[in-house]
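Before any comments, here is the structure.
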Amino acid sequence: MSDHRIQFPGLQGRVYLNYGGQGPLSETTLRAIADGYRQVELLGSYSHAGNAWVQQELHAAKQTLGEQLGVSPATLTLAENTTVGCNIALWGIDWRPGDRLLLSAWEHPGIVAIAQVLQRRFGIAIDVLPLRPDAPPAEILADLAAQCRDTTRALALSHVAWNTGDVLPLAEMAAFCRSRGIRTVVDGAQSAGVLPLDLAALGADAYAFTGHKWWLGPQGTGVLYLRQPLQPTYVGWRGLDGGHLAEGQPQVAWHQDGSVFEVATSAYPLLAAWRSAIAEVNTWDTPYARYQRLCALAENLRQRLAQIPGVTPIKQQPLATGLVCFTVAGHNPSAVARHLETAQQICIRAIPDPLCLRASVHYLTTEADLAALVKAIAALVEKTPVPPALVPGNQAST
Ligand SMILES: Cc1ncc(COP(=O)(O)O)c(C=O)c1O
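For my numbering, add 586 to where a residue sits in the sequence shown, where the first one is 1.
Following this line, the structure appears as structure tokens:
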């Protein structure tokens, strides 16, 4: 592991536990970014040779992602991030006034914003799927059944909740929705690169994620998987096989695969760098072994934090992902995150709802990283003792 970690400048001299925000870039990935841009310059931007290189990179990126996700490259659209992918999927539904969108209670603000704009634009209604930490799959499925109505057209949800680390029973939820003719649109920002994924088997209609978090790729890379084609809504020349005006009318031939949603000029060299990052991750054991290591580390952290007086993990059950969310009684999460970064070079983040701290544990995380965070939180509590009334379990006595 130390040979592997040494490749990441962002992991040196700090305790990095914010992979759910942004993954660090390795020296190889940084070089691949520079090499990609250099290659375009050498071949000539928009020259025949340059265009051939771009086509080859687009093809290679989808090939690599298809292999990682267990789906055909033709089902993939390259998008700049998770939110663009979710926009394509949600705007691609042929909404009519009175239709309903079911949104999980834990969606990221960007997805909530899409829902609000769809509501205003098409006169649809929004329903909310209630969620609570550690809810058993049967409870979630019962709530899903209770919230779906005849006019529900789509369910939008995250596979892994960004605010608690819960993994939702996606395969079962997607199967239920399919049986009711409801599309499942999945935000995979916190699941891709963590859970070993087989998207064809999961059965969701749309699954979007970014390269810049758990996959350790550059910002500006992402992908959308679509089980079946949708209406293109926001389009451009990259989605076309040809287009012109004939007798004053637009005549366009669309690509017959996921590239129909790719709009226009993009930062193509980043795709080569993302592929390089994926290849590098894959040098470290199998996806399942990486997932097992990450879960074991995260669960170890959760248990150690729980032993500090006044520290309460959001989840009480063993973790099935790398997000460790917790509160420190009497301490504001944003202030704690800022203090840890500035005073101790420990990077974690605050979450607004539930108001808590979130440490993201990757397979790159070490025991020393965990020990440093536990020690820092314990020292914080020691320095500013938690008022007895705020220690969990003491409330009843006050
Ligand atoms: C669950 C979830 N969805 C969406 C996003 C936004 O991701 P992106 O910038 O790739 O659109 C995040 C980022 O933190 C997230 O955690």
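Quick reminder that beta carbons are idealized off the backbone N, C-alpha and C, glycines included.
Keep in mind that this is a model prediction, so the values were computed, not measured.
Beta-carbon gap between residue i and residue j smaller than 7 Å
i	j	result
T663	A859	no
R861	T650	yes
P755	P723	yes
V809	A792	no
T907	V746	yes
A958	V601	yes
I937	N749	yes
L905	R944	no
E666	G806	yes
A839	L788	no
L785	G656	yes
L812	T661	yes
R686	R735	yes
G684	T737	yes
T796	W677	no
Burial state of residue i, where buried means 16 or more other Cβ atoms lie within 10 Å
i	result
D632	Contrary to the premise, residue 632 reads as Tyr rather than Asp in this sequence. Flag for Y632 reads exposed.
K969	exposed
R718	exposed
M759	buried
P836	exposed
R682	exposed
Q981	Annotation note: pLDDT 47 at Q981 (below 50); position unreliable, coordinate value reported separately. Exposed, by the Cβ-count rule.
R876	buried
V703	exposed
H948	buried
P595	exposed
DSSP bridge partner residues for residue i (one or two, in chain order)
i	result
V746	V753
P818	The partner list for P818 (beta bridge, DSSP) is empty, contrary to what the question assumes.
D784	Beta-bridge pairing links D784 to no other residue.
Q835	A832
P899	F912
Y793	V772, Y811
C942	I937
Q686	Note that residue 686 is Arg in the sequence shown here, rather than Gln. Note: R686 sits in a beta bridge opposite A711, T738.
N604	S946
T663	L810
W840	L826
A728	A728 pairs with nothing; no bridge assigned.
I932	V601
A778	L781
Between the CA atoms of residue j and residue i - distance to the nearest angstrom
i	j	result
A740	F708	14 Å
S983	R879	With a pLDDT of 39 at S983, under the threshold of 50, the predicted position of this residue should be treated as unreliable, though the coordinate-derived value follows. C-alpha separation (whole angstroms): 40 Å.
G803	G774	15 Å
P895	V967	8 Å
L887	Q608	20 Å
L941	L826	46 Å
R769	C763	6 Å
G636	L644	12 Å
K901	I864	30 Å
I697	I679	15 Å
A675	D713	18 Å
L727	P919	32 Å
A721	I710	29 Å
A701	L689	8 Å
G599	R706	48 Å
Q625	S612	20 Å
G828	S852	19 Å
P815	A778	22 Å
H694	G834	43 Å
D752	V922	23 Å
G671	Q654	18 Å
I619	L629	16 Å
Beta-carbon proximity list for residue i, same chain, < 7 Å, skipping 5 on both sides
i	result
I963	L891, I894, V897, V914
W823	A850
V867	W801, L802
G606	W748, Q776, K799, L909, R944, S946
S730	Reading off the sequence, residue 730 comes out as Leu, not Ser. The residues are L715, M759, F762.
A646	R861
Proximal residues to residue i (C-beta, below 8 Å), its chain only, five neighbours per side dropped
i	result
L597	R591, P610, L950
Q930	V601, A958, A962
E885	P904, L905
Y874	P782
Residues of its chain near residue i, where Cβ-Cβ distance is below 6 Å and the 5 sequence neighbours each way are ignored
i	result
Y623	P855
E927	C933
Q593	S612, E613
Q733	L688, D713, L715
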